[in-house]
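To keep things clear, I will list the structure first and then write my remarks on it.
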C-alpha cells in the first residue's frame, strides 16, 4: 500500500478515536463526517491503483507467488492442497530454490486468482495498452494445461519463424539441446522460459501453455 494510503488510514483512525472521546455531540458529528469523507477519498486512491504496483519491480516469480498467496490469506499448505503438491514445493518456489514447471503456471494463476502473465513477468497483459490492469483479475481457463502439446507448439512456432533450435536457445538463454528436449517431450520447459519463448516466437503465453487463447475477466 502506498504512503498516501497509509497516511489516510492513520488520519481516519485518529478522527474516529477523537470522535469517540469527544464530550460534545456536535463535535462527534463533525469529526465523523470528516472521517467519512476521508474514507471515500481513500477508496478512490486504492481503486485507482493497480494491485501490487508498489512492490512488483524487481520481484522474482517466487516473490510474486508469495505476494499473491499472502494477499489471499493462504498458507503454504492451502496453496499446496489446491495444486495437489507437497507444501515444500511451494516453499522452494518462494525461496528461489526451485522454479515451477510450465505445467504449473495456469493452475497457480487459478489458485492465486492472478493473471498468468503477471505471475511470469510482473506485468499484466493489458499494460501495453497504457491502462494498467490489476494482475489479480480472475482468469477463465480450461481444465488444466495441455502439457502433452507444448513441445509441438514450440516446434510449430519455431518453424513458422524459420528459426533453428540453436537460434531459439540463444535468444532465450537456454542451454544447448534444451529446445530439442522440449520439442520431443523428453522434458518440460521451466516457467522462467515461458515468457521468453512466447516473446521470441511471437505467440501468447496462454496459447503456448494451453493451445487456446483464454479470456481474462475484469468484472
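Numbering (the UniProt record's numbering), first residue to last: 1 to 219.
Glycine included, each C-beta is placed from N, C-alpha and C at the ideal position.
Checklist entry - Taking Cβ to Cβ, would you say residue 153 is nearer than 7 Å to residue 208? => result yes
Checklist entry - Among residues of its own chain, excluding the 5 on either side of residue 61, which ones have a beta-carbon nearer than 8 Å to its beta-carbon? => result 93, 99, 100, 119, 120, 191, 192
Item to check | Per-residue DSSP class, three states only, for residue 87 | outcome: helix
Item to check | CA-to-CA distance, residue 33 to residue 237, given in whole angstroms | outcome: Outside the shown range of the chain (1 to 219) lies residue 237, about which nothing can therefore be said.
Next on the checklist: Assuming contact is defined by CB atoms lying nearer than 7 Å, are residue 109 and residue 82 in contact in what I supplied?
Outcome noted: no
Item to check | C-beta atoms of residue 102 and residue 188 nearer than 7 Å | outcome: yes
Item to check | Cβ-Cβ separation, residue 116 to residue 184 (assumed contact under 8 Å), whole Å | outcome: Wrong, their Cβ atoms sit about 25 Å apart, outside the cutoff.
Checklist entry - What number of angstroms, rounded off, separates the C-alpha of residue 123 from the C-alpha of residue 37? => result 33 Å
Next on the checklist: For the alpha helix (DSSP H) containing residue 120, name the first residue and the last one.
Outcome noted: 116–121
Item to check | Expected contact under 8 Å - CB spacing of residue 202 and residue 161 to nearest Å | outcome: 7 Å
Next on the checklist: Looking only at its chain, what residues have a beta carbon closer than 8 Å to the beta carbon of residue 72, apart from the 5 residues adjacent to it on each side?
Outcome noted: 112, 113
Checklist entry - Any idea what DSSP makes of residue 100, helix, strand or coil? => result coil
Checklist entry - Excluding the five sequence neighbours on either side, which residues of its own chain have a C-beta within less than 8 Å of the C-beta of residue 199, listed in chain order? => result none
Checklist entry - What's the C-alpha gap between residue 175 and residue 163? => result 16 Å
Checklist entry - Between which two residues does the alpha helix (DSSP H) carrying residue 221 extend? => result The structure shown does not extend to residue 221, since the chain is modelled only from 1 through 219, so no value can be given for it.
Next on the checklist: In whole angstroms, give me the CA-to-CA distance for residue 165 and residue 149.
Outcome noted: 18 Å
Item to check | DSSP three-state assignment for residue 189, whether helix, strand or coil | outcome: coil
Item to check | Host alpha helix (DSSP H) of residue 211 (start-end) | outcome: No alpha helix (DSSP H) holds residue 211; DSSP gives it neither H nor E.
Checklist entry - For residue 203, which of helix, strand or coil comes out of DSSP? => result coil
Checklist entry - By the 10 Å Cβ neighbour count, where 16 or more other Cβ atoms means buried, how is residue 151 classified, buried or exposed? => result buried
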